[in-house]
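Here's the structure we're looking at; comments come further down.
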């Protein structure tokens with residue numbers, strides 16, 4: 001195999017994941033992974049373009065970036081590609097007015113502040129039967145129903161144990177309505193493309209980690 | 001095509017669906033479909049074995065049969081094959097102790113009165129995020145997780161509109177856990193077989209409607 005220097009010759013940009021790569025989430029804002037603060041600083045001081053690409057869909061970018069800055073990372077909101085703002089972009093481009101199903105009181109809600117939404121009964125726990133049924137009824141009344149899912153994770157870990165992620169609820173609505181969701185987030189090629197466009201780098205010039 | 005008399009020559013039993021065949025559900029116990037009370041009486045007066053086979057998984061057999069008797073049908077609990085009692089049979093045979101996810105306050109709960117269940121946090125709306133997550137955690141802790149679904153309906157109609165049925169929630173847990181549910185109810189062959197066994201009739205001797 002070619003040495004690293006040679007293999008990296010054509011690389012112009014780096015996509016960095018956040019959770020599990022830069023830091024481990026947890027109580028009190030989580031902890032930086034050893035060496036990652038310095039690695040980000042060196043990458044940003046190099047000739048390489050750097051973009052942060054995450055499937056985080058519970059925190060807003062503001063909250064996420066604030067947390068990372070407190071851990072010592074040189075990062076700003078404008079450098080982050082995340083499902084919620086990518087979804088807002090799609091909603092605006094297509095002129096869609098969404099019914100939002102967002103996990104109970106999550107700060108990611110603020111990402112949608114500029115979007116006109118349909119949520120007549122928005123209250124309490126988002127993945128309640130009532131809210132799921134409202135979303136289902138909205139979809140069934142449309143001639144061309146659009147279901148956008150912020151990622152398709154099966155579950156995530158919290159200190160209290162495993163927690164159902166958005167993917168199972170996406171599958172539930174897909175099955176109920178006989179439709180296929182559009183996944184905004186990794187591993188969707190469109191999502192990666194939007195991250196690349198933000199730094200003006202082609203896929204073959206990219207290192208992703 | 002052969003005349004009815006000839007085609008029915010080998011028929012020894014009849015499986016009758018209930019909802020949409022005998023009656024239409026609705027406010028005040030629903031209404032009998034024209035001619036169905038008389039048809040059931042004639043079938044039961046004939047040489048044919050009759051069995052009622054339903055995917056009803058919200059009402060208990062007692063409630064369903066009471067409702068049908070008030071509409072004039074000659075029917076008793078012992079003549080009904082339904083997902084809940086069929087599931088109890090499976091649970092007993094395999095010695096399984098279930099975590100029950102049953103829609104809020106449904107009378108079908110009484111079918112499981114004789115079953116030892118795991119429901120530490122059973123309260124309120126069954127398809128809440130909390131109850132779904134509890135079921136998910138129970139499944140993930142098992143070496144060989146078993147998910148039994150009472151039917152796999154996508155939705156049903158109420159006067160207030162379309163309502164999510166159990167199928168979407170089955171799909172959610174299948175996806176979350178990477179498992180395949182066992183469906184107890186139509187169109188599962190096992191379910192039909194149990195109805196046939198109850199009247200001692202072979203599949204080729206059956207008329208189903």
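Protein chains in written order, with full-length UniProt numbering: chain P, 1 to 209; chain R, 1 to 209. Glycine included, every Cβ here is placed at the ideal spot set by N, Cα and C. Nothing here was measured: the structure is a model prediction, and the numbers come from that model.
(request) Can you tell me which of 83(P), 127(P), 208(P) puts its alpha carbon nearest to the alpha carbon of residue 172(R)? (result) Working through the second chain from its first residue, we reach residue 172(R) at position 172. Sorting 83(P), 127(P), 208(P) by C-alpha distance to the C-alpha of residue 172(R) places 127(P) at the top.
(request) Just mark residue 134(R) as buried or exposed, buried being the case when its beta carbon has 16 or more other beta carbons within 10 Å. (result) Translated into positions along the second chain, residue 134(R) becomes position 134. By the neighbour-count rule (16 or more Cβ atoms within 10 Å), residue 134(R) is buried.
(request) Could you please give the first and the last residue of the uninterrupted beta strand (DSSP E) stretch that includes residue 183(R)? (result) Sequence index remark: in the second chain, residue 183(R) carries index 183 (1-based). Here the beta strand (DSSP E) through residue 183(R) covers 182-184.
(message) Suppose the cutoff is 7 Å on Cβ atoms and the five residues either side in sequence are ignored; what does the same chain contact list for residue 203(R) look like?
(response) Here residue 203(R) corresponds to residue number 203 of the second chain, with the count starting at 1. Taken in chain order, the residues that qualify are 196.
(message) For residue 176(P), would you say it is in contact with chain R, using Cβ-to-Cβ distances shorter than 8 Å as the test?
(response) In the first chain, counting from the first residue as 1, residue 176(P) sits at position 176. It does: the Cβ of residue 176(P) has a partner Cβ on chain R nearer than 8 Å.
(request) Please determine, among 44(P), 6(P), 11(P), 119(P), the residue with the shortest C-alpha to C-alpha distance to residue 205(P). (result) By one-based count along the first chain, residue 205(P) stands at place 205. Selected option, being the one with the closest Cα: 11(P).
(message) Using a 10 Å radius around the Cβ and a threshold of 16 neighbouring Cβ atoms, would you call residue 160(R) buried or exposed?
(response) The sequence position of residue 160(R) within the second chain is 160, counting from 1. Label assigned to residue 160(R): exposed.
(request) Identify every residue that forms a DSSP beta bridge with residue 148(R). (result) Walking along the second chain from the start, residue 148(R) turns up at place 148. DSSP lists 182(R) as partners of residue 148(R).
(message) What does the Cβ neighbour count give for residue 20(P), buried or exposed, with the cut at 16 atoms within 10 Å?
(response) By 1-based counting over the first chain, the position of residue 20(P) is 20. The residue in question, residue 20(P), is exposed, as its Cβ has fewer than 16 Cβ neighbours within 10 Å.
(request) Compare the C-alpha of residue 73(P) against each of 22(P), 94(P), 89(P) and name the closest. (result) Within the first chain, numbered from 1, the residue matching residue 73(P) stands at position 73. Nearest of 22(P), 94(P), 89(P) to residue 73(P), Cα basis: 22(P).
(message) Any beta carbon of chain P sitting closer than 8 Å to that of residue 172(R)?
(response) As a working mapping, residue 172(R) is identified with position 172 in the second chain. Interface annotation, residue 172(R): in contact with chain P, CB-CB separation under 8 Å.
(message) Do residue 108(R) and residue 84(R) count as a contact pair if the criterion is CB distance below 8 Å?
(response) Here residue 84(R) is taken as the residue at index 84 of the second chain, counted from 1. Here residue 108(R) is taken as the residue at index 108 of the second chain, counted from 1. Going by C-beta atoms, residue 84(R) is nearer than 8 Å to residue 108(R).
(request) Quick one: using the 10 Å Cβ neighbour count with 16 as the cut-off for buried, is residue 82(P) buried or exposed? (result) Numbered from its first residue, the first chain carries residue 82(P) at position 82. Burial call: buried.
(request) Identify whether residue 175(P) lies in helix, strand or coil by the three-state DSSP scheme. (result) On the first chain, position 175 is the one that residue 175(P) refers to. Correct three-state label for residue 175(P): helix.
(message) Between which two residues does the beta strand (DSSP E) holding residue 163(P) run?
(response) The residue labelled residue 163(P) in the question sits at position 163 within the first chain. Looking at the DSSP string, the run of the beta strand (DSSP E) that includes residue 163(P) is 161-164.
(message) Considering only the alpha carbon of each residue, which of 9(P), 18(P), 137(P) lies closest to residue 37(P)?
(response) Translated into positions along the first chain, residue 37(P) becomes position 37. Closest option to residue 37(P), Cα to Cα, is 18(P).
(message) With three or more beta-carbon pairs closer than 8 Å as the criterion, would you say the segment 136-145 of chain R touches the segment 177-196 of chain R?
(response) yes
(request) Report yes if the C-beta of residue 174(R) is less than 7 Å from at least one heavy atom of the ligand GDP; otherwise report no. (result) The model depicted lacks the ligand GDP and carries no ligand whatsoever.
(message) Which residues of the segment 148-168 of chain R have a Cβ closer than 7 Å to any Cβ of chain P? Give them in chain order.
(response) 154, 155, 161, 162, 163, 164, 167, 168
(request) Determine the chain P residues that contact residue 125(R) at a beta-carbon separation under 7 Å, and present them in chain order. (result) The count along the second chain starts at 1 and reaches residue 125(R) at position 125. Simply 128, 129.
(request) Would you please verify whether the beta carbon of residue 132(P) is less than 8 Å from any beta carbon of chain R? (result) Here residue 132(P) corresponds to residue number 132 of the first chain, with the count starting at 1. For residue 132(P), the answer is yes, since a Cβ of chain R falls inside 8 Å of its Cβ.
(request) Tell me whether the beta-carbon of residue 91(R) lies closer than 8 Å to the beta-carbon of residue 75(R). (result) As a first step, residue 91(R) is located in the second chain; it is residue number 91 there, counting from the start. As a first step, residue 75(R) is located in the second chain; it is residue number 75 there, counting from the start. Taking 8 Å as the Cβ cut-off, residue 91(R) and residue 75(R) do not qualify as a contacting pair.
(request) State yes or no: is the beta carbon of residue 137(R) nearer than 8 Å to at least one beta carbon in chain P? (result) Numbered from 1 along the second chain, position 137 holds the residue referred to as residue 137(R). Closer than 8 Å to some Cβ of chain P, the Cβ of residue 137(R) qualifies, so yes.
(request) Closer than 7 Å by beta-carbon distance: list the chain P residues that pair up with residue 140(R), in chain order. (result) The residue you call residue 140(R) lines up with position 140 of the second chain. By Cβ distance, chain P contributes 162.
(message) Comparing C-alpha positions only, which one of 95(P), 132(P), 30(P) sits nearest to residue 117(P)?
(response) As a working mapping, residue 117(P) is identified with position 117 in the first chain. Among 95(P), 132(P), 30(P), the Cα nearest to that of residue 117(P) is on 95(P).
(message) Please classify residue 27(P) as buried or exposed, where buried requires at least 16 other C-beta atoms within 10 Å of its C-beta.
(response) As a first step, residue 27(P) must be located in the first chain, where it is residue number 27. The residue is exposed, with fewer than 16 neighbouring Cβ atoms inside 10 Å.
(request) Would you kindly work out how many angstroms separate the C-alpha atoms of residue 164(P) and residue 98(R), rounded to a whole number? (result) The residue labelled residue 164(P) in the question sits at position 164 within the first chain. The residue labelled residue 98(R) in the question sits at position 98 within the second chain. When only Cα atoms are considered, residue 164(P) and residue 98(R) end up about 19 Å apart.
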